[in-house]
Amino acid sequence: MVQDGELPTIAVEHDPDQLDDLTILRLTQEIKDVEASKNPLVGEFKSISVLLDEYKDATFRSKIKALGGGNAGYRPVRGDGNCAWRAFAFRYFELLSKLSKEEIEASSKFLQSRTGLLDAAGYSETGYIDFVEETFNLFQKLPDITPEQLVSEFNNAEVSSAIIVHFRLLAAAYIKTHSGDYLPFIDDGEGADISEYCNRNIEAFSVEADHLALSALVNSMTTVDLGVVYMDRSAGEEAVVHNFFPAESAAEVDPPLLKIDLLYRPGHYDIFYK
Amino acid sequence: MASAASRRLLKEYSALQRENNVSESSASASLITEVSISPVSQEDLFYWTGVITGIPGSPYEGGCWKIDIRIPNTYPLHPPEIKFVTPICHPNIHFKTGEVCLDVLKSHWTAAWTLLSACIAVRALLSDPEIDSPLNIDAANILRCGDTTGYDSLVRYFTNKYARLDR
Numbered sequence: 573m574v575q576d577g578e579l580p581t582i583a584v585e586h587d588p589d590q591l592d593d594l595t596i597l598r599l600t601q602e603i604k605d606v607e608a609s610k611n612p613l614v615g616e617f618k619s620i621s622v623l624l625d626e627y628k629d630a631t632f633r634s635k636i637k638a639l640g641g642g643n644a645g646y647r648p649v650r651g652d653g654n655c656a657w658r659a660f661a662f663r664y665f666e667l668l669s670k671l672s673k674e675e676i677e678a679s680s681k682f683l684q685s686r687t688g689l690l691d692a693a694g695y696s697e698t699g700y701i702d703f704v705e706e707t708f709n710l711f712q713k714l715p716d717i718t719p720e721q722l723v724s725e726f727n728n729a730e731v732s733s734a735i736i737v738h739f740r741l742l743a744a745a746y747i748k749t750h751s752g753d754y755l756p757f758i759d760d761g762e763g764a765d766i767s768e769y770c771n772r773n774i775e776a777f778s779v780e781a782d783h784l785a786l787s788a789l790v791n792s793m794t795t796v797d798l799g800v801v802y803m804d805r806s807a808g809e810e811a812v813v814h815n816f817f818p819a820e821s822a823a824e825v826d827p828p829l830l831k832i833d834l835l836y837r838p839g840h841y842d843i844f845y846k
Numbered sequence: 130m131a132s133a134a135s136r137r138l139l140k141e142y143s144a145l146q147r148e149n150n151v152s153e154s155s156a157s158a159s160l161i162t163e164v165s166i167s168p169v170s171q172e173d174l175f176y177w178t179g180v181i182t183g184i185p186g187s188p189y190e191g192g193c194w195k196i197d198i199r200i201p202n203t204y205p206l207h208p209p210e211i212k213f214v215t216p217i218c219h220p221n222i223h224f225k226t227g228e229v230c231l232d233v234l235k236s237h238w239t240a241a242w243t244l245l246s247a248c249i250a251v252r253a254l255l256s257d258p259e260i261d262s263p264l265n266i267d268a269a270n271i272l273r274c275g276d277t278t279g280y281d282s283l284v285r286y287f288t289n290k291y292a293r294l295d296r
């Protein structure tokens, strides 16, 4: 822990004039890791009043109040660059865990069929299979899982990291196989490279999800509607909600459509419960 | 974490062996001759070694560099560390330590990549230097001045000096 007015020890080992890019990169990552490790990967449910206590700013307070009282709440997720992905994945499995065995089975089968996207996008099976398997291992446990067990599964870094990679690859694969839909948003005027965009912004572990990434994730899953509540200082009494609906929806009711809500505060996503 | 890493490395190793067998029988050894890698010992899959050849038509043509691949316990979530053992003249490769500065091997690593695809990316870097993040400042400066003739002959000199196949 760092006391006020005291420099972190890693800063004094290095002469600031002698730092090369690699060292800066490594030190930045170390600082992020230390900060991140103070929180669990997925925390416990908290009432919305806990969030209200964190803020003095009138804009935030009125927006938080407008989110609703009663059962509304949120679940904090570690801010390690994977928060949107981890929050989405946890909520996905949490919602599934409350469904019947048949519905879970149908959802699992459907998601399995989406693995074809990865092949279509040119990923090698050696590269993705371990991550995909981890997702379906968790599916197997779902019918009997308790809420506590699910939280503990997601706090096992090996399990939740693998699921995050699986979901990241699905989203990237969707963009790569629907490049015409995404190219206009990626093009910076100097010509765009879809594969490079996916590599830098979606596939790379610990890189924050942007708007495009979330849209691609929802499109790749096709069984999830995603709502993101933007809790920022923009004008207004109520937080703006951005909705992401899949471009093509899965066949009728089977598998069931899930509704996931995330709470966004600049630079970070948590899970939101209405 | 280490168990996931071992599992994955074992898969990559068997996939490479299968490819090697195929290419030996059909003589269509395209990638294998450009980049070839294998574990130093079958007892330890976390330490590999390999050979990268220069792309024909580039000043690295005819060169052949030995590389060292160390794999962290958190692989494939985190990238392998690839170093050149044979000295090479390149703006993004340290001449003495062999360290490689390539974003996809650092902050933009993708877990779906394999050791082979990482090495292929390193080979591609040879003809596509990034002069804004140099580890070999002298080589980068020559390129920055736009002196490609000078750069090419410098690269060719070091390739001939250290990395000739027929040496």
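Protein sequence lines, in the order shown, are assigned to chains A and B.
According to my numbering, the stretch in the first sequence is residues 573 to 846, in order.
According to my numbering, the stretch in the second sequence is residues 130 to 296, in order.
C-beta atoms are modelled at their ideal positions from N, C-alpha and C, and glycine is treated no differently.
Taking a contact as a CB-CB distance under 8 Å, the pair Pro209 of chain B and Leu244 of chain B counts as one, their CB atoms being some 6 Å apart. Burial is judged here by how many other beta carbons sit within 10 angstroms of a residue's own beta carbon; Lys713 of chain A has fewer than 16 and is exposed. Nearest CB-CB separation between His219 of chain B and chain A: not below the 8 Å threshold. Chain A has no Cβ within less than 8 Å of the Cβ of Arg199 of chain B.
Taking C-beta atoms as the reference points, Tyr841 of chain A and Ala693 of chain A fail to come closer than 8 Å.
Chain A places a beta carbon closer than 8 Å to that of Arg137 of chain B, counting this residue as a contact.
The beta carbon of Val233 of chain B sits closer than 8 Å to some beta carbon of chain A. Taking 8 Å as the cut-off, the beta carbon of Ala745 of chain A is found closer than this to the beta carbon of Leu690 of chain A. Boundaries of the beta strand (DSSP E) around Arg647 of chain A: 645–647.
Judged by DSSP in its simplified three-state form, Pro612 of chain A adopts coil rather than helix or strand.
Take Leu231 of chain B, set aside five residues on each side of it, and the residues of its chain with a beta-carbon closer than 7 Å to its own are Asn221, Ala250, Val251, Leu254, in chain order. Between Asp797 of chain A and the set A:Lys635, A:Ile747, A:Arg663, the nearest pair of CA atoms involves A:Arg663. Thr215 of chain B sits in coil when the DSSP states are folded into three classes, being neither helix nor strand. Boundaries of the beta strand (DSSP E) around Pro168 of chain B: 164–170. The alpha carbon of Ser256 of chain B has as its nearest neighbour, out of B:His237, B:Ser246, B:Ala241, B:Thr277, the alpha carbon of B:Thr277. Under the 8 Å Cβ criterion, the region 826–846 of chain A does not count as touching the region 136–151 of chain B, having fewer than three qualifying pairs. Between the alpha carbons of Ala292 of chain B and Leu830 of chain A lies a distance of about 58 Å.
Val779 of chain A carries a coil assignment under DSSP once its states are collapsed to helix, strand and coil. If you check the CB distance, Ile736 of chain A and Cys770 of chain A do not come in under 8 Å.
Beta bridge pairing from DSSP links Arg293 of chain B with B:Gly192.
Residue nearest to Arg686 of chain A within the set A:Pro719, A:Leu834, A:Met793, A:Phe816 is A:Met793 (criterion: CA-CA distance). Rounded to whole angstroms, Thr182 of chain B and Leu671 of chain A show a C-alpha spacing of 55 Å. Contacts between Ser680 of chain A and chain B, judged by CB atoms closer than 7 Å, are missing: the closest CB pair is about 21 Å apart.
Spatial neighbours of Ile271 of chain B in its own chain (CB-CB distance under 8 Å, excluding positions within 5 residues in sequence) are listed in chain order as Gly279, Tyr280, Leu283.
Judged by their CB atoms, Leu741 of chain A and Leu789 of chain A are not nearer to each other than the 8 Å cut-off. A distance of 8 Å or more separates the beta carbons of Cys193 of chain B and Phe287 of chain B.
When C-beta distances to chain B are compared with 8 Å, the residues of the region 693–726 of chain A below that value are Tyr695, Ser696, Thr698, Gly699, Tyr700, Ile701, Asp702, Phe703, in chain order. Per the DSSP secondary-structure output, Gly799 of chain A pairs in a beta bridge with A:Asn815, A:Asp833.
Contact between the region 767–782 of chain A and the region 796–810 of chain A is not established, with fewer than three Cβ pairs separated by less than 8 Å. If you check the CB distance, Lys846 of chain A and Gly640 of chain A come in under 8 Å. Not a single C-beta of chain A is nearer than 8 Å to the C-beta of Trp194 of chain B. Sequence-ordered contacts of the region 230–255 of chain B with chain A read Cys230, Val233, Lys235, Ser236, His237, Trp238, Thr239, Ala240, Ala241, Trp242, Thr243 [C-beta pairs closer than 7 Å].
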